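2 protein chains.
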Amino acid sequence: MLFNRYLLPMAFQKERSPGFLANQMARLFAKGLQQRIRPLGLAPAQFMTLLALWDEDGQTQSELVRRLDVEQATMANTLTRMERDGLIERRTRLDDGRSQSIHMTPKAIALRDPATQAARAQNETALADFTEQERQVFVELMRRAIAAMHRD
Amino acid sequence: MLFNRYLLPMAFQKERSPGFLANQMARLFAKGLQQRIRPLGLAPAQFMTLLALWDEDGQTQSELVRRLDVEQATMANTLTRMERDGLIERRTRLDDGRSQSIHMTPKAIALRDPATQAARAQNETALADFTEQERQVFVELMRRAIAAMHRD
DNA sequence: ATCTGTTGAATAGCATGCTATGCAATGATA
DNA sequence: TATCATTGCATAGCATGCTATTCAACAGAT
Chain A
10 MLFNRYLLPM AFQKERSPGF LANQMARLFA KGLQQRIRPL GLAPAQFMTL LALWDEDGQT
70 QSELVRRLDV EQATMANTLT RMERDGLIER RTRLDDGRSQ SIHMTPKAIA LRDPATQAAR
130 AQNETALADF TEQERQVFVE LMRRAIAAMH RD
Chain B
10 MLFNRYLLPM AFQKERSPGF LANQMARLFA KGLQQRIRPL GLAPAQFMTL LALWDEDGQT
70 QSELVRRLDV EQATMANTLT RMERDGLIER RTRLDDGRSQ SIHMTPKAIA LRDPATQAAR
130 AQNETALADF TEQERQVFVE LMRRAIAAMH RD
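Protein sequence lines, in the order shown, are assigned to chains A and B. Using the working numbering, the letters of the first sequence map in sequence onto residues 10 to 161. Using the working numbering, the letters of the second sequence map in sequence onto residues 10 to 161.
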């Protein structure tokens, strides 16, 4: 029997903490993706935003916020940088003076294939030694953790 | 047979991209942890740093960098904020004028229990509906992905 | 003892994210 | 129609992280 079982809480081990590992893993994913898409003139958050726009161009800022699950202020800043970099254009809507449609430039449209290939390569690097089943399980567990935290 | 199998790459689905999910998950972990430890006057990166210091006080900045796997500049900035907030003290080493020992204040030492409890609670929230086996698998898969990206 | 290379930290500059505010355009209602 | 609440964005301010650069202290070698 462990002598301190009822006296001390188990030490917090960061190597086994899902939150700690998630943070470390996400930083490594971002770092790897950044290196791969930098030659394209893209940053990770810009790529993420383009994922939504490649799916459907001309969305509203609030629609992008809902799809990508970031705060509105974060999206506003990312869009400002993308506009600066010639990736998108903001067009004020005719039917509602508050909102704008976000439209990709030809430059952004052309980046679709190389950028998604880069992201796939990064995912492949991270999961190189995973079996197909492990990949599916991994994605499913992440989705469940995300859903649980959303419910909270 | 899918008509476009040999013509178009499969659409990139962010909902199934490990990198995308890792980013989203890490943000939710951080957000949840932040809410829980804010009453303690702690921020997530400060908590992470204290995890290393609770384990062993008086470490060097470069030792903390190695343990927590962040860049040296990131650690320097986090330590500056922790010093500002009265959590740590930097003491120049007698044996090496370049390095400093990072020492916790009584305030930081006292936060150990409530802060680790908060982190445990956040982990529990995220993995609420996981079985014990799923938790172990999840942690193991994250560790393997991290290791693979480190090798890259 | 001096020169050179290395190492530990700080700083600058920037991207991402967040919370909190402010503001203008809409919408709903008395 | 005047008022009030809601909605869509922008901005301020800050924490985290990263890359790149600089600087001082140290270590080794001649």
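All C-beta atoms in this analysis are idealised placements derived from N, C-alpha and C, irrespective of residue type, glycine included. Here the structure is a predicted model, which means the values were calculated and not measured.
Quiz item: CB Arg102 of chain B to CB Glu92 of chain B, shorter than 8 angstroms?
Solution: For the purposes of this step, residue 102 of chain B is taken as residue 93 along the second sequence, with counting starting at 1. For the purposes of this step, residue 92 of chain B is taken as residue 83 along the second sequence, with counting starting at 1. Taking 8 angstroms as the Cβ cut-off, Arg102 of chain B and Glu92 of chain B do not qualify as a contacting pair.
Self-check item: Leu60 of chain A: contacting residues in chain B (beta-carbon distance under 7 angstroms)
Solution: What you label residue 60 of chain A is simply residue 51 of the first sequence in a count that begins at 1. By Cβ distance, chain B contributes Phe21 and Lys23.
Quiz item: CB Gly67 of chain A to CB His112 of chain A, shorter than 8 angstroms?
Solution: Start at 1 with the first residue of the first sequence, and residue 67 of chain A comes out as number 58. Start at 1 with the first residue of the first sequence, and residue 112 of chain A comes out as number 103. A distance below 8 angstroms separates the beta carbons of Gly67 of chain A and His112 of chain A.
Exercise. Please look up how many angstroms separate the CB atoms of Arg107 of chain B and Trp63 of chain B, rounded, as I've assumed it's under 8 angstroms.
Key: Here residue 107 of chain B refers to the residue found at position 98 of the second sequence. Here residue 63 of chain B refers to the residue found at position 54 of the second sequence. With a Cβ gap of about 25 angstroms, Arg107 of chain B and Trp63 of chain B do not count as contacting.
Quiz item: If we call anything under 8 angstroms between Cβ atoms a contact, is Gln55 of chain A one with Thr87 of chain A?
Solution: Your numbering for residue 55 of chain A matches position 46 in the first sequence. Your numbering for residue 87 of chain A matches position 78 in the first sequence. For the 8 angstroms CB-CB criterion, Gln55 of chain A and Thr87 of chain A form a contact.
Quiz item: Mapping DSSP to helix, strand and coil, what is Ser26 of chain A?
Solution: If you number the first sequence from 1, residue 26 of chain A lands on position 17. The answer is coil: DSSP assigns Ser26 of chain A none of H, G, I, E or B.
Quiz item: Given 8 angstroms as the limit, is there contact between the stretch 126–143 of chain A and the stretch 135–144 of chain B, that is, 3 or more CB pairs closer than that?
Solution: At 8 angstroms Cβ cutoff, the stretches do not touch.
Quiz item: Is DSSP giving Met19 of chain A helix, strand or coil here?
Solution: Position 10 of the first sequence holds residue 19 of chain A. In the structure shown, Met19 of chain A sits in coil (DSSP, three-state: anything other than H, G, I, E or B).
Self-check item: Within 8 angstroms, strictly: CB atoms of Phe21 of chain B and Met57 of chain A
Solution: Counting from 1 along the second sequence, the entry for residue 21 of chain B is found at position 12. Counting from 1 along the first sequence, the entry for residue 57 of chain A is found at position 48. Not closer than 8 angstroms, so no.
Exercise. For chain B, find out if any of its Cβ atoms is closer than 8 angstroms to the Cβ of Asp78 of chain A; answer yes or no.
Key: As a first step, residue 78 of chain A must be located in the first sequence, where it is residue number 69. Closer than 8 angstroms to some Cβ of chain B, the Cβ of Asp78 of chain A qualifies, so yes.
Quiz item: By Cβ distance, which residues of its chain are closer than 7 angstroms to Thr134 of chain A, with the 5 residues on each side in sequence left out?
Solution: The sequence position of residue 134 of chain A within the first sequence is 125, counting from 1. Taken in chain order, the residues that qualify are Gly41.
Quiz item: In this structure, does DSSP put Arg107 of chain B in helix, strand or coil?
Solution: Numbered from 1 along the second sequence, position 98 holds the residue referred to as residue 107 of chain B. Note: Arg107 of chain B maps to coil in three-state DSSP.
Quiz item: Run through DSSP, which three-state label would Glu98 of chain A get?
Solution: As a first step, residue 98 of chain A is located in the first sequence; it is residue number 89 there, counting from the start. Here Glu98 of chain A sits in strand by DSSP.
Quiz prompt | At least three beta-carbon pairs within less than 8 angstroms, the stretch 64–84 of chain B to the stretch 23–39 of chain B | solution = Between the stretch 64–84 of chain B and the stretch 23–39 of chain B, the count of C-beta pairs closer than 8 angstroms stays below three; the two stretches do not touch.
Quiz item: How many angstroms separate the CA atom of Phe38 of chain B from the CA atom of Arg152 of chain A?
Solution: Numbered from 1 along the second sequence, position 29 holds the residue referred to as residue 38 of chain B. Numbered from 1 along the first sequence, position 143 holds the residue referred to as residue 152 of chain A. Their Cα atoms are separated by approximately 13 angstroms.
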